[in-house]
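Read left to right, the sequence shown gives residues -24 to -1, 1 to 260 (mature numbering (1 follows the signal peptide of the UniProt record, and there is no 0)). By construction, the Cβ of each residue, glycine as well, lies at the ideal position given by its N, Cα and C atoms. Worksheet: one structure, shown below.
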Amino acid sequence: MGPGLRRRALPALALFWAAVAAAGEEPAHLSSEVFFCQKDAPLYGLAQTLDNDLLFWYDFPGARWRSRLPDFHPETQLSEGQIEAQKKICDTVLPFLTDFSNKYIYFQFPEARGIPQVEVFTLRPLVLGQPNVLVCSARNIFPPVARIEWASRGQPLTRGVSSTPVFPVQGLDFQIFSYVEVTPQAGDIYSCTVKGKIDSVAYWVPRDPVASKLLENILCGLAVAVGGVFTIVGVVLLTLSCRARSAGRRRGQGEQHRVGGPRPAFPSAAASPAAGLAGRAALS
């Protein structure tokens, strides 16, 4: 979603963003606390995140803070009085932004709506017939209006379901997680549907993974086979190399024998006195 689309959404969502980061340099981690209000449910939202991971959120119906991790509490948090003050500010600002949008921005920019990006995966390694937890992650939610519904083979799932609230991430997007306890079997089909301004659905089908012991045996067999092939190739190459060297030595010895062999003897005058005398007699 571009900046222009975001601008159209400001009247429907009054957003207060507080980020803790080192000025003038890229922060190693980003901690943020976001309070928002809007005309659609949920009317209010307040969450604390670290690097786009939800840590805590405020339960407005229950009027208390909730932690995503058990026994983990924030070091600093807004009091009920501060939260009520922000609610009043947000309720005051929201009508003015909406009126301004309807008069000056409505015909220039369409309403900003994000298409949820949904992904379903298991919390633990899959073993058919063993209890597990399916996780549904939905990102790119804007405005922050969404709820998640689970189904198995077309039948709604409500038991063992828990969800986080819609919480902010960087870029004025929002995210939501939902969890459901399941015991996957072969042939199961699970679906996670995100209901909001734009509905999106993702499916998950359990695939029986190869047993770890069988996988280990297969890998060991492949390693032995590959090792055997390389051993055979090495022996063949070594044999060919030895044969080539032996043939080279024989060729070298044959050439040396031809070059350094005995030469034919020619008779000399000193060695044959009779021939010398015959030559001198012929000249005279």
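- [ ] Could you pull the start and end residues of the alpha helix (DSSP H) that LYS63 belongs to?
- [x] Residues 56 to 76.
- [ ] Go through its chain and collect everything with a Cβ distance to ARG42's Cβ below 8 angstroms, but skip five positions before and after it.
- [x] Close CB contacts of ARG42 within its chain, under the 8 angstroms cut and outside five residues either way in sequence, are with PHE32, TRP33, TYR34 and ASP35 (chain order).
Task: Cutoff 9 angstroms: ASN116 Cβ touching any chain B Cβ - done: In the structure shown, chain B cannot be found, because there is only a single protein chain.
Open item on the list: Could you check whether ILE117 and VAL170 sit closer than 9 angstroms to each other, using their CB atoms as the reference points?
Closed with: Between VAL170 and ILE117, the C-beta gap is smaller than 9 angstroms, which places the two residues in contact.
Task: Nearest neighbour of THR98, chosen from THR25, PHE153 and LEU30 [CA to CA] - done: When only C-alpha atoms are compared, the closest one is PHE153.
Task: Which listed residue (SER139, ARG44, ALA178 and HIS5) has its alpha carbon closest to that of ASP27 - done: ASP27 has its Cα closest to that of HIS5, out of SER139, ARG44, ALA178 and HIS5.
- [ ] Return the chain-ordered list of same chain residues with a C-beta closer than 6 angstroms to the C-beta of GLY105, the five sequence neighbours on each side being excluded.
- [x] No residues qualify anywhere along the chain.
TODO: Can you give me the start and stop residues for the beta strand (DSSP E) that PRO132 sits inside?
DONE: Counting along the chain, the beta strand (DSSP E) containing PRO132 begins and ends at 131 to 133.
Open item on the list: Rounding to the nearest angstrom, what Cα-Cα distance links ILE208 and ARG225 in this structure?
Closed with: One Cα belongs to ILE208, the other to ARG225, and the distance between them is close to 26 angstroms.
Task: THR68 to VAL158 span [Cα, whole Å] - done: Between THR68 and VAL158, the C-alpha separation is close to 45 angstroms.
TODO: Ignore the nearest five residues each way along the sequence and tell me which others in GLY136's own chain have a CB closer than 6 angstroms to its CB.
DONE: In its chain, beyond the 5 residues on either side, VAL156 and GLU157 have a beta carbon closer than 6 angstroms to the beta carbon of GLY136.
Task: CA-to-CA distance, PRO119 to ALA(-2), given in whole angstroms - done: Below a pLDDT of 50, predicted positions are generally treated as unreliable, and ALA(-2), at 48, falls in that range; the measurement from the model is reported next regardless. Approximately 29 angstroms between the Cα atoms of the pair.
TODO: Run the CB neighbour count on THR215, radius 10 Å, all protein chains shown included, and call it buried at 16 or more, exposed below.
DONE: Burial call: exposed.
Open item on the list: Run through the DSSP bridge pairs and tell me what CYS168 is partnered with.
Closed with: Assignment of beta-bridge partners to CYS168 by DSSP yields TRP126 and ALA178.
Open item on the list: Using a Cβ distance threshold of 8 angstroms, determine whether the segment 121 to 135 contacts the segment 160 to 178, with at least three qualifying pairs required.
Closed with: Result yes; three or more Cβ-Cβ pairs closer than 8 angstroms.
TODO: Out of ALA162, THR134, GLY172 and GLN58, state which residue places its alpha-carbon closest to the alpha-carbon of ARG183.
DONE: Here the closest residue by C-alpha is ALA162.
- [ ] Let me know if GLN24 comes out buried or exposed under the rule of 16 or more other beta-carbons within 10 Å of its beta-carbon.
- [x] Within 10 angstroms of the beta-carbon of GLN24 lie 16 or more other beta-carbons, which makes it buried.
Open item on the list: Spatial neighbours of VAL177 within its chain, please: C-beta separation below 8 angstroms, excluding the five flanking residues on both sides.
Closed with: The beta carbon of VAL177 is closer than 8 angstroms to those of VAL94, SER167, CYS168, THR169 and VAL170 in its chain, skipping five residues each way along the sequence.
Open item on the list: DSSP three-state label for ASN116, please.
Closed with: Strand.
TODO: Compute the Euclidean distance between the alpha carbons of ALA88 and TYR80, then round it to the nearest angstrom.
DONE: Cα to Cα, the separation comes out at about 16 angstroms.
- [ ] Please confirm whether residue 345 and LEU30 have their CB atoms less than 9 angstroms apart.
- [x] Absent from the model: residue 345. The displayed extent of the chain is -24 to 260, so no value can be given.
- [ ] Compare the C-alpha of TYR179 against each of ARG100, ALA114 and LEU54 and name the closest.
- [x] Comparing Cα positions, the closest option is ALA114.
- [ ] Keeping to the same chain, check which residues put their C-beta closer than 6 angstroms to that of TRP145; ignore five residues upstream and five downstream.
- [x] Checking the sequence, you will find Val at residue 145 rather than Trp. Excluding sequence neighbours, VAL145 sits near ASN28 and GLN151.
TODO: Measure the beta-carbon distance from GLY172 to PRO46 and round it to whole angstroms, keeping in mind my assumption that it falls under 8 angstroms.
DONE: With a Cβ gap of about 29 angstroms, GLY172 and PRO46 do not count as contacting.
Task: Heavy atom of the ligand PLP within 8 angstroms of LEU45 beta-carbon - done: Looking at this structure, you won't find the ligand PLP or any other ligand, since it has none at all.
- [ ] Quick one: using the 10 Å Cβ neighbour count with 16 as the cut-off for buried, is GLU192 buried or exposed?
- [x] Answer is exposed; the Cβ neighbour count stays below 16.
Task: Simplified DSSP state of THR140, which is helix, strand or coil - done: Of the three classes helix, strand and coil, the one that applies to THR140 here is coil, per DSSP.
TODO: My understanding is that LYS63 touches CYS13, with C-beta atoms under 8 angstroms, so please give their C-beta distance in whole angstroms.
DONE: Contact annotation, LYS63 with CYS13: C-beta distance approximately 7 angstroms; criterion of less than 8 angstroms satisfied.
TODO: Pick helix, strand or coil for GLU95, following the three-state DSSP scheme.
DONE: Reduced to three states, the DSSP call for GLU95 is strand.
Open item on the list: Tell me the DSSP secondary structure of VAL103 in three-state form.
Closed with: Three-state DSSP puts VAL103 in coil, outside helix and strand.
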